[in-house]
Structure formats: structure tokens, C-alpha cells
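Top line first, the protein sequences correspond to chains A, B, C and D. All the letters of the first sequence, read from the start, carry residue numbers 1 to 339 under my numbering. All the letters of the second sequence, read from the start, carry residue numbers 340 to 678 under my numbering. All the letters of the third sequence, read from the start, carry residue numbers 679 to 1017 under my numbering. All the letters of the fourth sequence, read from the start, carry residue numbers 1018 to 1356 under my numbering. Where is the CB? At the ideal position from N, CA and C, for every residue including glycine. Everything numeric in this text was worked out from a predicted model, so none of it was measured.
4 protein chains.
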Amino acid sequence: MYVVVKKDATPTEINELKQYIESTGHGALEVVDDGIRKIGIMGKSSISFKEDLLKFSAVEDIKKIGKSFKFVSREFKNEDTVIDVKGRKIGGTDMILMAGPCSIENKEMIMKIAKVVKENGGEFLRGGAFKPRTSPYDFQGLGEDGLKYMREACDKYDLVMVTEVMDTKEIVLVGKYTDIFQVGARNMQNFSLLKELGKAGKPVLLKRGMSATVKDFLMAAEYIVAFGNREVILCERGIRTFEIATRNTVDINGVALLKEKSHLPIIIDASHGTGKRSLVEPVTLGCILAGADGAMVEIHENPECAFSDGDQSLDFKAFEILAKKIEKTIEFKASLKCL
Amino acid sequence: MYVVVKKDATPTEINELKQYIESTGHGALEVVDDGIRKIGIMGKSSISFKEDLLKFSAVEDIKKIGKSFKFVSREFKNEDTVIDVKGRKIGGTDMILMAGPCSIENKEMIMKIAKVVKENGGEFLRGGAFKPRTSPYDFQGLGEDGLKYMREACDKYDLVMVTEVMDTKEIVLVGKYTDIFQVGARNMQNFSLLKELGKAGKPVLLKRGMSATVKDFLMAAEYIVAFGNREVILCERGIRTFEIATRNTVDINGVALLKEKSHLPIIIDASHGTGKRSLVEPVTLGCILAGADGAMVEIHENPECAFSDGDQSLDFKAFEILAKKIEKTIEFKASLKCL
Amino acid sequence: MYVVVKKDATPTEINELKQYIESTGHGALEVVDDGIRKIGIMGKSSISFKEDLLKFSAVEDIKKIGKSFKFVSREFKNEDTVIDVKGRKIGGTDMILMAGPCSIENKEMIMKIAKVVKENGGEFLRGGAFKPRTSPYDFQGLGEDGLKYMREACDKYDLVMVTEVMDTKEIVLVGKYTDIFQVGARNMQNFSLLKELGKAGKPVLLKRGMSATVKDFLMAAEYIVAFGNREVILCERGIRTFEIATRNTVDINGVALLKEKSHLPIIIDASHGTGKRSLVEPVTLGCILAGADGAMVEIHENPECAFSDGDQSLDFKAFEILAKKIEKTIEFKASLKCL
Amino acid sequence: MYVVVKKDATPTEINELKQYIESTGHGALEVVDDGIRKIGIMGKSSISFKEDLLKFSAVEDIKKIGKSFKFVSREFKNEDTVIDVKGRKIGGTDMILMAGPCSIENKEMIMKIAKVVKENGGEFLRGGAFKPRTSPYDFQGLGEDGLKYMREACDKYDLVMVTEVMDTKEIVLVGKYTDIFQVGARNMQNFSLLKELGKAGKPVLLKRGMSATVKDFLMAAEYIVAFGNREVILCERGIRTFEIATRNTVDINGVALLKEKSHLPIIIDASHGTGKRSLVEPVTLGCILAGADGAMVEIHENPECAFSDGDQSLDFKAFEILAKKIEKTIEFKASLKCL
């Protein structure tokens, strides 16, 4: 349910309304959508509550949202959401390119990679300090040291930092360093984590779970929004199917469908999505043309020597070419709109 | 196993070699690959047979093929296969756009659609006369009447005809009318049908089965080639996964991987691949950029009234826009190669 | 739609009714269900046709069937269908055990296996003469020679023969030898084949396709019934999922659901369903307890030397133990009904 | 890697050995397997470390474990693990029946259900106080109140309590009440949670993730064991496939395979596994016969009125029948071993 605010409502009237909504225990999510101000009402509401709201002078209309995912849907907000992180705009026409190593291995390597990312037009550095590994005996990441190295690299090269948080009790620690919290595929339905990130005050990049439907994915995003954080970036990274020639199956249908159903920005991670270096470029470009706003990609100076996921990492030369092609593809996509 | 032919071998020498191969019960598949003449040897062969071959003056070298799919692989033939059907070249840089109704409903409708296809630059008319329907109580197609109407439409508008053959006993009948045989997803591993189509003398458009891996798909194509027909067009049309928001899941990874592993042309059918009209455009364009050589798409004057698959059919206006965008995307893809 | 026949209707009245139904181009499928005679009406029917039927003296009532699968459903016929093949009753309380090699390799081996099957209480010999192989270069079966050897073995040991037919044009040939036609998983939606088998006059064992839902499976069975053959045996043999530790994933839910929704008998093939010898016993027994009426199992004297599918074949000793446990499990299942 | 201890090693010698292992930063997991004492060495180890160990008088031999899952495998410990919880033995021949509501709705209901569970031979009460719900707007459970009610019910009826913990920060709270921690399917690869439960000092019932392979599942169990807790109960609850007639697809192959590969006990949850009340009985019994040591089942006085998952809950009458049949099936399974 949401309130359509009258065009000529005064700030005082709007404030009064919001305060009333919150006083009844509901959340109030204010957005501007194609010039119209709307206030989403979070939580269950009775008919009498609706009647109470209609009495406020700021209220033009009250509308129900049919979908189970509500405030992430275009039914609530038709206009694309643009998230501003240190001046970069995710979800608009800017090229969004997030690159970096799977695992931060040491300070020198993350510094070198950060330089390469920046030189090729990437504005976001991704990298893992806490690694969710299938085996307890595999390298689990550098932990806080990794976060420190990455922060330093981001500061030196003016990059936005994206790193994974795996557990509620690490939110404060990771939040000390990162600009964007990443939620991994295995945690997409870790609802405790999603709820806490709803209150964490920084954008969240949410990866689709390996067996999550598009609806499950949007419901997970809805958790973060419902608990107070509207800055969610969706990331398609492949689903699990019977196909074994590739690590996962990138769901290009899902990319196009997410763009149709939701106003949130969406990023394609073809490194995890394919698991094969040679497929990263064609799948990234294809998904951008199908609707993704940007890409996340794993890079490494010597992919063969990477601590983890070397098979899917690009070397610096391949990354340079990919970055150029992404830029061209984003321009081309914009040009198609004018046809 | 294949023979690399000497550069200066004379036609007589080559002929002698081929005759010997065939006299031993093996097939001999001759190709020119990046200027080098090769002869694929079909069937099991002993070491002594290899030694016999080496004695021929035309033989430069003999090579094994590591993969289980052999003659459809780039290991055998690196150069893209280009199939010429009545002057249209499938697999090169031409725009390949195959469009038409799911089912041919009557003569008038197929005539009207043929005109629209031609006007928008499509050179191929697709349509079903024999329909594989999940229920025995659903419309099963017009049969031979459908084939006749379609042939007439193709002749009038100078289009190439593509239609499905469901059974070995229909090959002769369907072959009387069609230019390209289509094998449906449900028949991808109907090996009897594949073998017969190996001898049918016309190109085959082979659709990927709903639960076929990329390897299964290439092995099915290998059947057709192994039985004598090298003109196979692969068609990705989505696989079956847990996702229910779309009819199938288009495997964009598979499109890129097929392009990498095989020299055969590949077409994307996003109508069946998505099952949703609004997703046909983004998914078609994305898959072309990721490697597909062209597209197959279902169109209908009034999709709501279609006998079958109306939800996924484009109307004429949407088709016109799509056709333009496909053309632009093919140009754009070519331009990226020069980066 | 089906007619409930009056209890006291005379044979003449019933005949008159059936003749009328058939004269209108509909099929008439007569069954006795819990003592009530019913006539299924195949094909689309108008309201006026229903009214016409109500005028016949034999008609008690006319009922619609809600499901898309109609005459295979318990909504049409609640009582279990029992198929009699040479005195063996499939679908009742008899132990149904179909065993044999994946491929018939020579006459001696099928004779030896037939003896073992019989000695352990199996009444059905399965074996492949025409083999649907993923690769065109793999052993494709002995063809008609295989059929002959198998027939001889069945005659000598008084066994019922079950073998695969892959194509409409082989129905006559295979039908000369076999007692039961098997349709393989890859052909489950080869609708041309299903239609012809509807008229073939012998029972059909229909294997579930690797990506077929339970509904698709029942619709495929419906094809055979709709074209005139009510003797269909369903066979669960695993579906394709992301799990790679086993060849397929046996759908025990599906076994129980098929038993609930359909009156047709159901058999479990855990050899293909698991692909691992050690899992054949537990999965076979579990599925019988969950609802399957019997089992199909691959056996071989030296599984390591089998021409095909050796990993999933039991040796004779393991088969002997399995046969005993199947017998006990069928008894145990019957005893649970009295609880 | 593990040490085989000499038969005649004294407690002092064994202690000395263990202290040395731990002093080097490795974990030492002591088990007795078919009468042989073994000490598992957790963590990476050098060749020189192996040589050092061989010098200890208690060491008979040192063996490598080939599998990626090590200490949960039968390669390390062949004998079935039996977990004792308040006198009930999970993993032996006792009937293990865990029953209760999806969500605890109020004190009265959990009291009533506890009584029913006990009366029918169930010794474990399951129920959710913290609920992982797909939608943030659905009932999220009673929280600590639910835990209190459940504890009271367990104390009154002498039942073992099983309830879900969703997050590391709830372990202490949930641990105050529960006897067994449950990890839900969505958290199977929440590695932070698994690590903490490795130190939590109480048995863990680990549910298989919806897209987890058997190997992933065993690796998740390995996490708990590697961090110090050897009391892990595996729970198969269905995987996600293309089949939509049932909520999930119970992997009976997986049940049999887990039993073959691991010494840990395994439980079948056919309520979540099927999502359909009518399938719970056949699938539960089938999986027990295929290898499961016991069952978990959802029950409710009025399933239609349940706050969550009513479609899959049994009423008390159906539960009574199921409980009897489970008991008979466990007896029957034991009898088959003597064949």
C-alpha cells in the first residue's frame, strides 16, 4: 500500500503525514516517481488505518500493490532507481564496472589491481577478505587485513569499495572499511543478515542465490528495503542447472525480467556466472544489452596462480579489451532507444 | 581422425585417396579450413588403416580429434561453416531472421505474415504444419495443407521455408515442400530421425532439447553430420530449470560456448526461450551479441487469438522494431571485432 | 467427458450407445471401475452431443474430467488398472520384476541371463536390440538379430519380452518379436511414435523423459490411450537435475504422485535412475514401498565388460539378493494396508 | 589424514600424542571405529609433521583421506555414528521420529502437539520460533516466547527439543532452550553459522540446501565437525528441480548415497520434501527403507488453519498411522539385513 501525495502539498503537511504513519508502527518510504511523490507504507494495515490516512490533507490517493514484492517493484515506483555512491551513479547511463580479485591475497596485489581497474575506467574495486568457501580446509581470506589493504587501495586510486559481509556480527567491522556491502549467493536468504543490512546505512549489492527464482530474489531485496535501506543493487551471477560445461547458467531471461519488474539497478557477474574465462566477455556484453546496468568481473595478474577461482579470472590485457567493449555496448544500448 | 591434404596434391590424387577411404567402409568428409584441405574419416579405424593412409601421396598428416563430438568441432574445422540456402548465407555476416507463426492456421494468415517478414528484411519463413503438442486433444496442425500454403507464400515473397519434421516417415512429404528441415526440442535425441536427416539432402535446423547439455546438443548434430549431412544449424531455445517466471531459461553461456567449440552456425529462438512477448527483444539482442548468428521469432497479427503460443508471439509492429534492432546489433557486433 | 452406464443396461443398449458415439467420430473407451461401467468419450464434443447422449436408455449420467490428462486419471477410473501379459498381471499384487542386459551382445549371453531371471522369480526379460546412444560412434545394438535371440530366450524360459522401439517405421519389425513395446526416455514426447503405438495392439512401457514433469508424463501416456491402447505401464527412471553424484535423480515424490493421480501401473528403473550399482537395491526397494508396482533392473554376468552401462548393472549374485528383497518388500507393503 | 592408534597403546601414550598434535595447531578428532582407535588430524600438515608423528609409540599407521569431505566420510570412520541425546540414540536401530508444527503459534498448541507426539512414540519435538520466511511481511515466529513454550512442553512430556537457529548472534539464546540446533536449508552454506555451531556443544541437525549437491552437503557437515562438533545429523528435505507438482524433489538417491559415503545419521523430512500432505507417508517410508534412520514430520491439529505450511502438515490421525508404519518399516528394514 502506498500514498500518492498531492502535488501542492506543503512540506509541513507531508511531514505531519509521515509522522502519523510512523507513530502507528508502520514504516514510511518516501520516493519521487516521474515527478509524483509517493509514500510507501510498510507493514500490515487495517481498513480503518486507510480511512485515517485519507483524512490527511496531503493525501491524493491510496493504492494497493498487487505483487508479493512491493517496494522494489515498478508497480510502486516506475522510474529507475539511481544510487549515488561517492558521486558514481549506479542505475543511470554511467558505465558501471566493478572489478578485482576473487580473494585479496596481499597488499601489493590489490594495489596493482586497483591501478589497473582505474586506468580502464572502472570506478569500483571488488575483492574478498572474508571468503565463503565450500571446504573448511580452503583459504578463508585475509580477514580484517584484507579490508585494510583494500581501503587503502580505494583511497589511493579514488575507487568505490565493494566487499562481502557473511554474518551479522561482521557488519560493524566490514562497515568500517567498505562503501558497498556485498551479500553472497549462499547468503541471499540469510534473512537475519538482510534485516540488519536494512539498517546498515550503506548500499547493498545482493547476489542471486543459486536456486533462487526471480521472485525469491526480489523478495530478498524487499527484506532490505522493508527494514529501511532502499539502496539495493541486484546482481545476476548464474543459477544451478543440469548443465555442467559451465559453472552456472547465467539467466539472461532473468536479467530482462528483473529490469521489467523492478526499478532497482542490476549488475551482471559473468565470472561466477560462467566459470570460464573465455565466456566472460560475450556473456557480459550480451547481458548488458539485455538490460543489465553494469558488470562485475574478476581479474588477476596471473590467473593461473590465483588463490581461488583462477579459471574464471581475466588477465589485465583481456580486462582492458572488455572494459572498452562494455563502454561501447552501453553507448549502443542507449542509441537503440532512439530507434 | 582426419587427413590433412598436401597443398600441392592434385585432384586425381585426392580422389584416389577418397575412393580408398570409402572402399574401406569409412565416410570421407571433405572440408577446406583456413585454406587447408582436410578429409574427416568417419567410423572406427585401426592402426594399420592409419598406416595405409600415410602411404597415399596426397596425405600431409593424420590427426586425432580429442573431443567426443568430432566433425562439428573447431578442432576439426576452425573456420565458421557458412550454409548457403537459395543464396542466403547462414553463418557469415548476413542478418539471419527467421519469423512466422507458431502454427499455420490458414492460407490467408501465412500469406500476410510472409509479406510482413519480407518487408522487414527477414529472408526465412518459419511455421508449423505438424505440431508436437503436449496434449493429444490440442490442435495438431494443418498437415500437408499447411505445407502447401507455406510453400506458396515462400514462392510468392521469395522466402526460404523452415518447418518441422517430427518422424522419419514424414521426411519425404515435408521434404517435397520445405527448404530447411526443423527438428524440434522434443526430438533432439530421436536418433532414428537424425540418421535419416543425415541423408535427406537439405539443411537441418536442430533445436536444443530441454534437458540437453551443450555436449548432448553437439553429439546430436554430430549424428546428422556422421550420416552425411554437414549443413546443420544449431538453435538455442532455452532449457528447463527451476525458474517458473519464464517458460524456459535461455542459456546465453551455451550460445557463447557453442560458438567457441563448434564451427556450425547458431540461431537464438527467444520466443520459446522466454515464453513472454516482452522478453523476446532483449534476450534476442543479448544472445546475438554473445555469439548467435541470427534469430528465430514467432509473430502473429493478433497474438491473443493465436491457435498456439500466443503469449510469446510478437505483433507486426513489435516485429518491425525488433528487425531493425537485430540489424543494428549485427553491425555493432562486427564493429567490436575491430577494437 | 465420460458416460456412466446404468447398472441394468443390457448389452444391446450399451452396444447401441457405443456405436452412436463412434459414428460421430469420437472414440469410446469402455472400462469397469469399482463395479461401475463407464465409457470415455475421446475427442472434442459439443453441448448438443451431450444432450443427444442423454437420450440413450443406457446412460445414467455424463461427467466432465477436470484434469488435462483425462483417461489415465483416477478421476475417470479409480480402480487400479491391471494389465495381463501372457498370464502375468501388472498392476496388481504380483511381483513384477523385469531384468536383463542394457544391450543384447550375443545369443549366448541373453540365454544365460534369461535363465538367471527366471530362476530368481523374474517373469520379464528386458534387453536392447536397437540402442539410442548419445554418440553416433557408439555400439548401436544388434538390430533384428538381437530381437531374434531375445525371442528365443523368452520362449525357452517362458518369459515376457520387453524391448525398445525407437521409430514408427520399426514398429512392425519389433512387434513381430516383442510382447511389450518400450518407449525410451528420449522418445517420451515423440508424439508420432506414441500415436502409432496407440494402434499397435500390445502393451507399452513408457519411460519418463529426463525433463518431463509428472503432468507431461501423464499427457504422453494419454496420447497412447487416446489413440486406442489402454495398456500403458509407466516407468520412473530419474530426472535430470544439478546433482552429478548420480546419473539421474529418481523422483520418489513422482512415484507416489503418479500412484495417486493415475490408475496405470508404475515400475521403477533404478539402474538408469541412479547409474550406480550400489544404489540400485536401496532405491528400488524404497520406491516400491512408496508406490511402485514393480522394478526394472539391468543385470550382466560381468558388469565391467558390458558393451554399455556396466556401472549400473548388477551381477547375478546381487540380482538374486535384490529379487528376494523385492518379494519381501511387496509382501510388507501389502501388510501395511491392514494397519 | 588420520592416525591409527596401536591396540596396546596406553592412555598416557595416547594423551601424549594428542597433546603434541594440538600443540602444533592441529585439531585432534578421536574416534573408535570397529574397535580401532583413530585420531583425525584437522588442518594442513607437512611431510615433516607426518614423520614426527610416526615417532610416537602410540602410532600404528598414518593414513590419507582421498575425499574432499574427510572426517564425515566412511573412509575415516566406517562404523555408523550414534548420537546420544538425553538417552535417545540417533543413528542406531531406535525409531527416530521428530514431529511438531512448522511454527509455534501459542503455548496451548505446542503443549497439545507435544502430548500427541509422545503418545505416538515420537521422542523429539520440532517447531519453529524463529522462522525464515521468503517474505518480510509474513509471520516471523514468536521468538524467545516460542522457545520458552517449547521447552516447557518438552520438559512436561520428556521430549527432546529441536529448533532452528538462523544467525550466529542467536546461538546463545536458542542454546539456552534447545537440545538440538537445527540449521535450515537456506543457511546450509552460511559458513559463519556452521563454524560457530562447531563450538556450540550440542548436536546439530543440518538440512540440505535446495541446490546443494550431496558433496556440498557433506562439506557443510564437515565444517561443523572441523570446528569441533562431531554430532551432526543430516536431513534430506528435497532439492529444487523443474518439477512443479511437488514443492521440492526428494532425492532418494541422495539418501542412499549419503548412507554409503558417510557415517553420520540421516533423517528424511518429507513434509518440506513434498509439500503435499498425501505424499508424506509414502515418501517417508520409502526413504527409510532406502537408508534414512528416521523422519521429521510437520503436524497440526487443524492443518488448514496453520500459520504456515498447512498444505504439508498431517493431522493427528494421519500422524498416528504414519508413526505405526514407520515403526514397522524400521523393523522390516532390520529383517532384510538377515536375508
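Closest Cα partner of residue i within the set the options
i                 : options                                       : result
Ile743 (chain C)  : C:Met679, C:Lys796, C:Glu700 and C:Asp712     : C:Met679
Glu60 (chain A)   : A:Phe69, A:Lys50 and A:Glu298                 : A:Lys50
Arg811 (chain C)  : B:Asp555, B:Asp650, B:Ala367 and B:Thr349     : B:Asp555
Ser1325 (chain D) : D:Leu1159, D:Ile1058, D:Asp1069 and D:Leu1222 : D:Leu1159
Val750 (chain C)  : C:Ala898, C:Ala948 and C:Asp730               : C:Ala898
Glu414 (chain B)  : B:Lys546, B:Val499 and B:Val342               : B:Val342
Pro960 (chain C)  : D:Ser1295, D:Cys1322, D:Asn1270 and D:Gly1290 : D:Asn1270
Met434 (chain B)  : B:Glu352, B:Lys667, B:Val619 and B:Ser384     : B:Lys667
Pro881 (chain C)  : C:Thr891, C:Glu914 and C:Thr841               : C:Thr841
Thr1098 (chain D) : D:Leu1251, D:Gly1145 and D:Glu1125            : D:Leu1251
Ala1202 (chain D) : D:Lys1212, D:Met1183, D:Glu1187 and D:Asp1025 : D:Met1183
Leu544 (chain B)  : B:Asn526, B:Ser531 and B:Ile375               : B:Asn526
Asn907 (chain C)  : C:Leu935, C:Met888, C:Thr891 and C:Leu871     : C:Leu871
Ile719 (chain C)  : C:Glu801, C:Phe905 and C:Pro943               : C:Phe905
Gly1060 (chain D) : D:Ile1053, D:Glu1337, D:Lys1334 and D:Ser1040 : D:Ser1040
Where residue i falls, given that 16 or more other Cβ within 10 Å makes a residue buried
i                 : result
Val1189 (chain D) : exposed
Asp712 (chain C)  : exposed
Leu536 (chain B)  : buried
Leu1164 (chain D) : buried
Asn354 (chain B)  : exposed
Gly1042 (chain D) : exposed
Asn641 (chain B)  : exposed
Phe139 (chain A)  : exposed
Thr1263 (chain D) : buried
Leu628 (chain B)  : buried
Gln697 (chain C)  : exposed
Lys1293 (chain D) : buried
Ile386 (chain B)  : exposed
Pro350 (chain B)  : exposed
Glu575 (chain B)  : buried
Val344 (chain B)  : buried
Strand pairing of residue i, partner residues [DSSP]
i                 : result
Lys402 (chain B)  : B:Tyr341
Lys428 (chain B)  : B:Asp423
Cys1252 (chain D) : D:Lys1224 and D:Ile1284
Leu1142 (chain D) : D:Ala1116 and D:Met1178
Ile665 (chain B)  : Answer by DSSP bridge pairing: none, since Ile665 (chain B) is not bridged.
Ser940 (chain C)  : C:Ser751
Met1313 (chain D) : D:Met1115 and D:Asp1286
Asp251 (chain A)  : B:Asp590
Lys377 (chain B)  : B:Val343 and B:Val370
Val861 (chain C)  : C:Leu884
Leu314 (chain A)  : A:Ile299
Under 7 angstroms by beta carbon: chain E residues contacting residue i
i                 : result
Thr1151 (chain D) : Here chain E cannot be found, since the structure's protein chains are A, B, C and D.
Of all the residues that make up the segment 226-251 of chain A, which are near chain C by a beta-carbon distance shorter than 8 angstroms? Under the 8 angstroms Cβ criterion, the segment 226-251 of chain A contributes Arg240, Thr241, Phe242 and Ile244.
Select from the segment 401-435 of chain B all residues with a C-beta closer than 9 angstroms to any C-beta belonging to chain A, and list them in chain order. Here the close residues number zero.
Are the segment 1194-1209 of chain D and the segment 152-161 of chain A touching by the rule of at least three beta carbon pairs closer than 8 angstroms? With fewer than three CB-CB distances shorter than 8 angstroms, the segment 1194-1209 of chain D does not count as touching the segment 152-161 of chain A.
Take every Cβ of the segment 1251-1266 of chain D, pair it with every Cβ of the segment 574-585 of chain B, and state whether three or more of those distances are shorter than 8 angstroms. Using a C-beta cut-off of 8 angstroms, the segment 1251-1266 of chain D makes contact with the segment 574-585 of chain B, since at least three inter-stretch Cβ pairs fall below that distance.
Interface positions of the segment 1298-1317 of chain D facing chain C (Cβ-Cβ less than 7 angstroms), listed along the chain: Contacts with chain C (Cβ-Cβ distance below 7 angstroms) from the segment 1298-1317 of chain D involve Pro1299, Val1300, Leu1302, Gly1303, Cys1304, Leu1306, Ala1307 and Gly1308, listed in chain order.
Contact list for the segment 347-360 of chain B against chain A, Cβ threshold 8 angstroms: For the segment 347-360 of chain B, there are no residues whose beta carbon sits under 8 angstroms from a beta carbon of chain A.
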